[in-house]
Structures are given as C-alpha cells and as structure tokens.
Amino acid sequence: MNLATRMSRLGTETAFEVLARARALEAQGRSIIHLEIGEPDFETPSNVIAAGKKALDDGFTHYGPSPGLPQLREAIAADFSARRGLDVSPERVVVYPGGKPVMFFMMLALLESGDEAIFPSPGFPIYESMINYCGATPVALPLREENEFKLDVAELEGLVTERTKVVVINSPQNPTGALLGKQEIEAVAKLCADKGLWLLSDEIYSRIIYEGVHDTALRYGDPSRIVVLDGFSKTYAMTGWRLGYGIMSEEFSVPMARLQTNATSCTAAMVQMAGAEALTGDQTAVDDMVKEFHRRRDVIVDGLNAIEGVSCLRPKGAFYVFPNIRGTGYSSKELENRLLDEGGVAALSGTSFGTHGDGFLRFSYANSVENIEEALRRFASFLENNPAPR
Ligand SMILES: Cc1ncc(COP(=O)(O)O)c(C=O)c1O
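Residues 22 to 411, numbered by the working numbering, are exactly what the sequence shown covers, in order.
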C-alpha cells in the first residue's frame with residue numbers, strides 16, 4: 022500500500038480486537054461473557070435521547086462553529102466550573118466528537134521529532150500511540166501495584182529531561198481504577214509549571230468515583246499549559262454518540278479548533294444539543310449508574326480475591342479492575358487468549374496497556390452482577406482445570 026512511514030508508529034486499542042474475536046466465537050455458538058470493552062452497559066438517559074431527537078426536528082442538522090455550539094460550550098463551562106470549584110469561561114472549551122480527539126489534537130499541535138512525552142504505564146494505549154505517531158519519544162512512567170497504581174512524583178521528576186514537552190496523567194485511571202489524591206495532583210501540576218511542561222489531565226472518569234474525591238490539575242498548575250480532557254461517553258453512557266471536550270487556555274483553543282476544522286469541521290450539532298441536556302438536566306441516571314458500578318466493583322474484587330493465584334486491589338474509581346495474575350503461572354497474554362477461547366470470558370491482557378501491565382489482566386465490570394458472577398465461576402474453573410505448567 023506504500024503507506025507513510027508514520028503509519029508504522031500508530032498503535033491501537035486491543036479491546037476492539039478482543040471484542041471482534043469474542044463476537045466471532047459467539048457466531049459459532051459459544052457463550053462469551055464480555056468484560057473486555059470499556060463502555061457502560063447502561064442506556065443513554067431518556068431525557069438526553071429526547072433532546073437529541075428534538076434537536077433533529079429543530080433543524081440542528083448543519084455545520085456549526087469548529088470549537089462547538091455556544092449553547093454547549095456555555096453549559097460545559099458552567100458545569101466544569103461548578104463541579105471543580107473553578108471559574109472557566111466558555112471560550113476555554115473546545116467540543117470534539119469524543120474525548121480521544123483531545124489527546125490526538127493536543128499531541129499533533131505540540132509534539133515533533135526530538136521531543137519527549139511522559140505517559141502512564143499501564144495506561145490508556147492511545148497516549149503512547151499518538152506520541153509515537155507525532156514522531157516524539159514516548160517515556161513510560163510506571164504505575165506500581167505496591168503504590169496502589171498511583172504515580173510516584175519523584176519518579177516522574179526523574180524522567181523529565183530538557184527534551185520533555187508533555188506529561189499525561191489520568192485520574193480515575195484506565196486500566197487500574199486508581200484515583201490520585203490532592204497531594205499527587207498538586208505536585209505533578211506544580212512540577213509541570215516549574216519546568217514549563219504541558220500537562221494533559223485526562224479526567225474522563227471524573228464522575229465515576231466510589232471513595233475519595235476527584236481533583237483537577239487545573240486548580241494547581243499553569244493554566245496556559247494544561248489541557249483537561251473530559252466528556253460524555255462514560256458519565257452519560259454516550260459512547261456511540263461521540264461527544265467530548267477539552268478545557269484549555271483561550272490561546273491554545275485556536276490551534277486546537279483549527280485542527281478540528283481540518284479533520285471534521287465540527288462535532289454533530291444534534292449530538293451537542295443532547296450533550297447540553299445531559300449536563301443541565303436530571304442527574305439521577307448518573308447517580309444510579311455509579312451506585313450500580315459500586316456494587317459490581319465489590320462483587321468482582323471479592324470474587325477475584327477468592328481465586329487462587331489471583332489478587333486484586335479495590336479501585337476507587339472508573340469501572341475496571343486490574344488483578345495481579347502472576348500466582349496463576351500464566352503470562353497475561355496467554356491467560357487472555359485461553360480464558361477467551363476455552364473459558365468463555367473476554368478480558369484484556371495487562372500488556373494491552375503498556376509493558377508495565379505485564380502480570381495483570383483488566384476486567385471491565387460494565388456487565389450485570391449475574392454475568393460477573395458467572396465470569397468469576399468460569400475463570401476459577403478454567404484455572405482449576407488448566408493449571409499452568411511450572
Ligand atoms: C482514559 C480514557 N481517556 C479517554 C477515552 C476516550 O473516550 P471517548 O470514547 O470519549 O473518545 C477513554 C475511553 O476508553 C479512556 O479510557
């Protein structure tokens with residue numbers, strides 16, 4: 022095909038590949054429990070769906086401004102300001118089709134060959150993919166189980182060189198569910214401000230928390246070099262609508278909106294109107310979803326810890342668990358494959374989230390308690406019947 026060289030540096034999200042393999046097995050009549058994909062199994066709240074339909078009838082079917090519709094930018098600014106206790110103006114909001122374009126466009130706008138960017142490992146795989154794609158050098162910041170998968174600020178500081186340009190943090194975190202406290206967030210934000218580094222603070226799981234409180238790097242750092250990523254996919258079960266946003270300086274919003282003009286022109290207008298309703302309407306559905314995730318978290322953590330060879334921390338946020346499977350004798354990738362093919366449970370190898378995910382699996386608990394319990398039974402019985410050769 023003679024693709025551009027940079028395409029060889031583009032990574033992917035293996036969750037979609039495992040999902041495709043799981044679906045192929047289902048097509049052959051096999052029963053598979055899906056704990057691989059990172060999307061809420063709840064329906065988008067009905068008031069949001071109604072607002073999307075109404076927007077279509079009201080004629081929100083045309084191009085709009087690249088940074089987003091004024092109605093939605095205002096609603097996001099108000100919601101973000103109220104929830105974070107900050108004062109953010111609508112001019113600092115850029116709306117995108119999902120949270121992903123925020124990281125893609127930020128990296129495109131800032132990184133080039135010779136630059137370094139520090140990202141969490143294990144972490145959302147698209148950070149490393151985009152850093153590589155832009156020709157910069159990705160530098161992994163290990164997140165360790167013994168530190169509850171929270172980053173170590175001294176270790177981060179040790180990775181900073183004169184070439185470092187961007188640092189990425191994510192709290193609550195995918196894939197570990199770790200939540201950073203004020204202390205870590207403040208220290209990272211100040212470190213970046215002191216060294217003149219850009220900071221991407223991925224806060225897409227900010228509303229999905231069971232213990233502790235969410236805090237934002239924007240409170241402590243240099244606002245001219247911080248981009249906060251948040252969106253609607255997880256909080257409002259709107260993954261398929263494609264709606265997210267970045268909070269940034271007014272100055273940086275200009276190149277960030279220009280990238281959107283070039284790539285997509287704008288985010289779909291009726292989707293943005295649905296998003297405005299999501300933020301300003303009844304929040305009961307979000308509260309109920311988080312309550313249900315909390316219940317499932319405890320079922321899956323307790324269940325995993327009862328399986329020999331497996332140990333699992335109790336994450337404070339998001340909807341993933343990241344159990345240590347070293348005691349089973351299996352490698353992460355082999356266990357992912359065999360658990361799917363022979364055990365009927367789709368999960369992801371920790372290595373899908375970077376080299377520091379080795380020795381772990383990621384389960385998404387966006388599935389019913391009944392299915393989670395069945396998956397735990399299948400996992401335990403797979404290990405019992407197939408002890409790894411030592
Ligand atoms: C940490 C993190 N950031 C961003 C995203 C992207 O979200 P969206 O579907 O809105 O593009 C995800 C989705 O899985 C995620 O886990």
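In this text, a Cβ means the ideal position worked out from N, Cα and C, and glycines have one as well. Just so it is clear, the structure is predicted and the values come from calculations on it, not from any experiment.
{"Check": "Within its chain, find whatever has a CB closer than 6 Å to the CB of residue 325; leave out the 5 residues flanking it on each side and keep chain order.", "Outcome": "331, 333, 344"}
{"Check": "Report the partner residues of residue 345 according to the DSSP bridge assignment.", "Outcome": "332, 381"}
{"Check": "Rounded to a whole number of angstroms, what is the C-alpha to C-alpha distance between residue 337 and residue 256?", "Outcome": "16 Å"}
{"Check": "Return yes when at least one heavy atom of ligand 1 lies under 8 Å from the C-beta of residue 223, else no.", "Outcome": "yes"}
{"Check": "Does the beta-carbon of residue 342 have 16 or more other beta-carbons within 10 angstroms, so that it is buried, or is it exposed?", "Outcome": "buried"}
{"Check": "The alpha helix (DSSP H) with residue 354 in it runs from where to where?", "Outcome": "353-359"}
{"Check": "Using the C-alpha atoms, what's the distance from residue 277 back to residue 213?", "Outcome": "20 Å"}
{"Check": "Heavy atom of ligand 2 less than 8 Å from the Cβ of residue 314, yes or no?", "Outcome": "Ligand 2 is not part of this structure, which contains only ligand 1."}
{"Check": "If you count every other CB in all the chains shown that lies within 10 Å of the CB of residue 210, and 16 or more means buried, which is it?", "Outcome": "buried"}
{"Check": "Helix, strand or coil for residue 81? Go by DSSP, reduced to three states.", "Outcome": "coil"}
{"Check": "Expressed to the nearest angstrom, what Euclidean distance is found between the alpha-carbon atoms of residue 160 and residue 316?", "Outcome": "36 Å"}
{"Check": "Where does residue 406 land, buried or exposed, given buried means 16+ other C-beta within 10 angstroms?", "Outcome": "exposed"}
{"Check": "Would you list the residues sitting across from residue 222 in a DSSP beta bridge?", "Outcome": "190, 249"}
{"Check": "Take every Cβ of the stretch 48-64, pair it with every Cβ of the stretch 266-280, and state whether three or more of those distances are shorter than 8 Å.", "Outcome": "no"}
{"Check": "To the nearest whole angstrom, what separates the beta carbons of residue 367 and residue 382, a pair I think is in contact under 8 Å?", "Outcome": "Rounded, the Cβ-Cβ distance is 11 Å, inconsistent with contact."}
{"Check": "Rounded to a whole number of angstroms, what is the C-alpha to C-alpha distance between residue 140 and residue 224?", "Outcome": "14 Å"}
{"Check": "For a test of your reading of the model: does the CB of residue 293 fall under 8 Å from any non-hydrogen atom of ligand 1? Yes or no.", "Outcome": "no"}
{"Check": "Apart from the five residues on each side of it in sequence, which residues of its chain come closer than 7 Å, Cβ to Cβ, to residue 182?", "Outcome": "137"}
{"Check": "Measuring from the CB of residue 53, is there a heavy atom of ligand 1 at a distance below 8 Å?", "Outcome": "no"}
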